[in-house]
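Read through the structure below, which is laid out as structure tokens, and then see the notes.
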Amino acid sequence: MIVGLDMGGTHVDAVLIDKGNIIDVAKTPTDHTNLFGSIWKTLNCLLKDKDISSIEHINLSTTISTNAIVEGKIAPVGMVIESGPGMDPSFLACGKENIFITGYVDHRGREIKPFNPEEIQEAVAKFRDKDIKACAVVAKFSIRNPMHEINISRLLDDEFSPVTMGHMLSGKLNFPRRVYTSYLNSAVYYVFKSFCESIRKAMKKENINVPVNVLKADGGTISLDAGQQYPVNTILSGPAASLMGALAFKPGDKDAVFLDIGGTTTDISFVADGISLFEPLGINISNYNTLVRAIYSVSIGLGGDSAIHVEDGEIEIGPRREGFPMALGGSVPTPSDAMIVLGLLDFGNKEQAVSAMKQIGDKLGLDVKGTSEYIYKKMGTMIKQEVNHILDEINSKPVYTVKELLYGKKLKPQYISAIGGPAKALAPLLEREFNLPCYVPENYEVANAIGAALAKTTAEVTVLADTAEGKLSVPEMGLYEKIDKNFTIYEAKQKALQLLKEKASAIGTIDKEFEAEITEESSFNMVRGFYTSGKNIRIRAQIRPGLLYELGGANND
Amino acid sequence: MIKAKNKLGLVFFPAFDWAISPTHPEREERLLYTQDQVFEEGIEDINGIKFYNPDMATVKDVERVHFCVPDVMTRVTQSHLISAGGAIKAAEMVMEKDVDKAFAIVRPPGHHAQRVVYGDRGFCIINIEAVMLENIRQRFGNKKIAIVDTDCHHGDGTQDIYWNDKDTLYISFHQDGRTLYPGTGFIDEFGGPSAIGYNINIPLPPETGEEGFLYVLDNLVIPILREYKPDIIVNSAGQDNHYTDPITNMKFTAHGYAELNHRLNPDIAVLEGGYSIEGALPYVNLGIILAMAGLDYSRVKEPDYDPEKLRQSHRITEYIKELCDKIYSCWRRKDDIQRETIKNKQYISRSRNIYYDTDGIRETQTQKFKVCPSCSGVNTIQSRSDLGYEIFAVSIPRDACKACIDEGYKMYEEASRGKYSKVYLQDKVNDVFMSK
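Just so you know, the protein sequences line up as chains A and B, in that order.
Counting from 1, position 328 in the first sequence corresponds to residue 407 in my numbering; the numbering is continuous, with no gaps.
Counting from 1, position 436 in the second sequence corresponds to residue 633 in my numbering; the numbering is continuous, with no gaps.
Have a look at this one:
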């Protein structure tokens, strides 16, 4: 048996799954003053009278880190930033204290100028003055050569904790994002650590001795211990949980649109050949661009409870919510009211929904039914327009080879999967609008918890080899070592897969989950003068994100 | 998040799977380190900077500019069409006001490609700026355009294409042709009979540094542009004046390129040459991107930058001052020079030998321009290459009068297929291209 738990803004949902069947679900309201308490209460409720000894693992999707960042309840951070030549780095200041130091490593990982230890001593003094505990050290091109970050962090280690090093968070190039990601990691470290400690304590008390994993924004999991070290990876895992949940009901290897239609917003995601699409670089949170790998998700201000107004004789739906639907005692008409009038949703006071539609209809010269149908249809049109717009963007994303430009894959959805309160009511409309089948899973109220339960561990490694320099770098693992001049792309791929396996077991992968793949590979001849001086090899490998297994019996296919 | 002052479109297409040959300077690796630098700086996250994929230029786009022998698809690869298409995309974004400025960082380059194309010259087969400009002129109306070519080599192809077109002012900075390929670009190459003065060459001595380039810009180029009042300024942004470039002898820097771009303030920049792929390109391209976006570029410096080593000699400074005075006075006298040149002539011809260094082809050609009082005049090219081709091409200019149009068609019809292996007609008024 496995347990999935999703801590949402309004509810904590939990689900118990055994061999692809949902055994039980539990739901409790989220107490924002005691998030850990809410989780524990829901788990207790789910596991009451269950055979705890047959639980294999517990997967949590939590908003602890997200909330800490969004609400600004984060620790002060001392930043050491080595920017080298390029853009003026002053815009990167993000911690309580930012020290910009000299020193520079170039794009091939060659040290152009060493850092100055005296500048680090100054940083230490300043951090100490401001009573800062958490630090981060980030250098330009540190993924090509992390030695500056490693050596600087050694000088800070005795006095500060954590000392996040930029190169450990991602193998992708983007110095500003590396700075922000490292900053956020240190900033949420203590909040997340205390959450982890509470979980461990409670588990011990209840005598539950199973691995606990946390969900990441890329729809995969990591062990609680690994999460504690790099908590930034746990931000914004909600859309990931919902996509994974929806995927559990509609597996397959086609392209598809996934919609999570809520009260306030609709989240739009995609799968390509059955695999979820990722943000190209990483997710954005509170105006910080990060390198946190995340499922691509666009949130639009359109949901069942979106406020409807008439502007210049035209109906405007959203983008804000102004309270409950009128059927539930709100003061502004909503799409939910329209769907209640049309008999597609059944809750609240239908008369109040009718008067909501009358209020709009009077301004437009339409009757109640006509108004409701108009609003219902308009919602479908808005979703379709937005999806098409996003698809255009995705399909025109920059490519860098002639082959990709001429023959690259274009995303072309074959079906829609919709979850959320109004999903079922909107499904027939979406089918017509998109001319595609639209599936609404049965247990969609707990889709996020299901997604969390079934998510597999994910990990990524980047192997960069420069045979002219005779150096190899694996940033996410802090590896920087010598290689032979004859090192080949084949060896680089083998190395990537082997390291990925090591990394995976360190963060909690069980053997049957391990399905590694090479996601990017290139090898450039470096020519100096008229002779090949070496090869510049770049490999990225990942554990294929996905589900432990698909759900049986619960599909509405 | 950082915000650009100017909305900037980047068509960044490194063509990582295309090379002239594995060890040729124009190879897969050429923009690799530029991409590293651009990605690492987080350029794509700057609010106001947007990346675009190139479009593909069409055969028709190419035929508006060139006479490819025997035809376009025999001479170009898809990479050439993508490179020109990248330039077109950049210009289109500017014309449609999606962005304020655009930079096409594409390869291969194009400024050595002349009107007639038998093969590859100086790594160029089609002139990507010219293909771009003639495409947007067809779609957005004829514009007065200035091309400022900052490549270290003389842009002899662009000069040839716009030789007789005073709607296109061509200004080229380059290392003196007596010391560098293609050996042209002297100050007396001043434009065809209808555009005398609208082709300006500034041959600079080897070892010219930042000071010299900026002096030429401030004291010659910008005053001329101010008088010419172009609708669009294009920077043909070759980067081989850099002090680390392996095939030239100048002392220009990344910061200098950024400063030059900032002062020139072009609407569109298109990458041309530049083969110091590691020491220069990442920094020069970053500098130009920041300058075009209106962002601070003062910290863009090469790892081995040393201002002392890069200082230009006093002798060069003095030489450049005199050169600028001389060229500027020619520009001021351009109408007189035109009158003296034309006098009562009805046709003006010029004959040239052209060498295709990359492909090893020799061409001899004669261009004949009609001196027409009401338009730029129909003109023809007779050309022979040592590949065995002999061609005759008629070109009707964009502003052609009825008489010149009729004359052009008549010449095309009368040209005998027996004598030539190919006969072409390029009618820029009606956007028609024919060959037989």
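A virtual CB, placed ideally from N, CA and C, is assigned to each residue, including glycine.
The model shown is predicted, which means the values in this text are computed figures rather than measured ones.
message: Pop quiz: ASP334 of chain A and LYS491 of chain A are said to be a contact at Cβ under 8 Å. What is the actual Cβ separation, rounded to whole angstroms?
response: 5 Å
message: Report the CB separation of ILE593 of chain B from LYS625 of chain B in whole angstroms; it is logged as a contact under 8 Å.
response: 6 Å
- prompt: Hey, which unbroken runs of the alpha helix (DSSP H) at 4 residues or more fall wholly within the region 184 to 257 of chain A?
  reply: 196 to 208, 226 to 236
message: Tell me which residue opens and which closes the beta strand (DSSP E) that PRO400 of chain B is part of.
response: 396 to 401
field: Span of the alpha helix (DSSP H), counted from its first residue to its last, around MET489 of chain B
entry: 478 to 490
field: ARG623 of chain A (DSSP reduced to helix, strand or coil)
entry: coil
query: Below 8 Å between beta carbons: does that hold for VAL389 of chain A and VAL311 of chain A?
result: no
- request: Could you name the residues of the region 479 to 497 of chain A whose beta carbon sits closer than 9 Å to any beta carbon of chain B, in the order they occur along the chain?
  value: TYR479, THR480, VAL481, LYS482, GLU483, LEU484, LEU485
Short CB-CB distance (under 8 Å) between VAL542 of chain A and chain B: no
task: Kindly give me the distance between the Cβ atoms of PHE383 of chain B and ASN396 of chain B, rounded to whole angstroms, as I take these residues to be in contact under 8 Å.
output: Contact flag wrong, Cβ pair sits at about 11 Å.
- prompt: For GLY397 of chain A versus SER385 of chain A, is the C-beta distance shorter than 8 Å?
  reply: yes
query: Taking all protein chains shown into account, do 16 or more other C-beta atoms lie within 10 angstroms of the C-beta of GLU238 of chain B, making it buried, or fewer, making it exposed?
result: buried
- prompt: What do you get for PHE426 of chain A, buried or exposed, if any count of 16 or more other CB atoms within 10 angstroms of its CB means buried?
  reply: exposed
task: Give a yes or no on contact between the region 224 to 241 of chain B and the region 253 to 261 of chain A, applying the rule of three or more CB pairs nearer than 8 Å.
output: yes
message: ALA477 of chain B and GLN509 of chain B - do their beta-carbons sit closer together than 8 Å?
response: no
task: Identify whether GLY632 of chain A lies in helix, strand or coil by the three-state DSSP scheme.
output: Its pLDDT being 46, under 50, GLY632 of chain A is placed unreliably by the model, and nothing is read from it.
- prompt: Just how far apart, CA to CA, sit PHE140 of chain B and HIS309 of chain B?
  reply: Here chain B covers residues 198 to 633 and nothing more, so residue 140 of chain B does not appear.
query: If you run the structure through DSSP and keep just helix, strand and coil, what is ILE568 of chain A?
result: helix
field: Inter-stretch contact at 8 Å, needing at least 3 Cβ pairs: the region 261 to 268 of chain B / the region 198 to 208 of chain B
entry: no
- prompt: What are the partner residues of CYS265 of chain B, as DSSP defines its beta bridges?
  reply: B:VAL314
Min CB distance ASP233 of chain B to chain A below 8 Å: yes
query: Can you find a CB in chain B that lies within less than 8 Å of the CB of ASN634 of chain A?
result: With a pLDDT of only 41 at ASN634 of chain A, under the threshold of 50, the placement of this residue in the model should not be trusted, and no figure is reported.
- request: Would you decide whether ILE278 of chain A is buried or exposed? Buried here means 16 or more other CB atoms lie within 10 Å of its CB.
  value: buried
- prompt: What in chain A is Cβ-close to ALA212 of chain B, meaning under 9 Å?
  reply: TYR479, THR480, VAL481, LEU484
field: Within 8 Å, strictly: CB atoms of ALA147 of chain A and VAL293 of chain A
entry: no
message: I believe VAL591 of chain B touches GLY605 of chain B by the beta-carbon criterion, under 8 Å. Please report the beta-carbon distance rounded to the nearest angstrom.
response: 5 Å
message: I'd like the span of the beta strand (DSSP E) that includes GLN564 of chain B, first residue to last.
response: 558 to 567
Proximal residues to ALA406 of chain A (C-beta, below 6 Å), its chain only, five neighbours per side dropped: ASP416, ILE419, GLY427, ASN428, GLN431, ALA432
Contact set for THR109 of chain A: own chain, Cβ-Cβ below 7 Å, skip 5 residues either direction: MET86, GLY87, GLY88, THR89, HIS90, VAL91, SER117
- request: List the endpoints of the continuous beta strand (DSSP E) containing ALA597 of chain B.
  value: Careful: ALA597 of chain B lies outside any beta strand (DSSP E) and carries neither H nor E.
- request: Please determine, among B:ILE513, B:ILE429, B:PRO443, B:GLY354, the residue with the shortest C-alpha to C-alpha distance to GLU407 of chain B.
  value: B:ILE513
- prompt: Quick one: Cα of ASN123 of chain A to Cα of GLN307 of chain A, how far?
  reply: 23 Å
query: What does GLU238 of chain B touch in chain D if you count any residue whose Cβ is under 7 Å from its own?
result: As a matter of chain content, chain D is missing from the structure shown, whose protein chains are A and B.
Buried/exposed call for SER273 of chain A, threshold 16 Cβ in 10 Å: exposed
message: Let's test the definition: count the other Cβ atoms within 10 Å of the Cβ of TYR359 of chain B and tell me whether it reaches 16, buried, or not, exposed.
response: buried
message: Taking only three categories from DSSP, how would you classify MET282 of chain A?
response: helix
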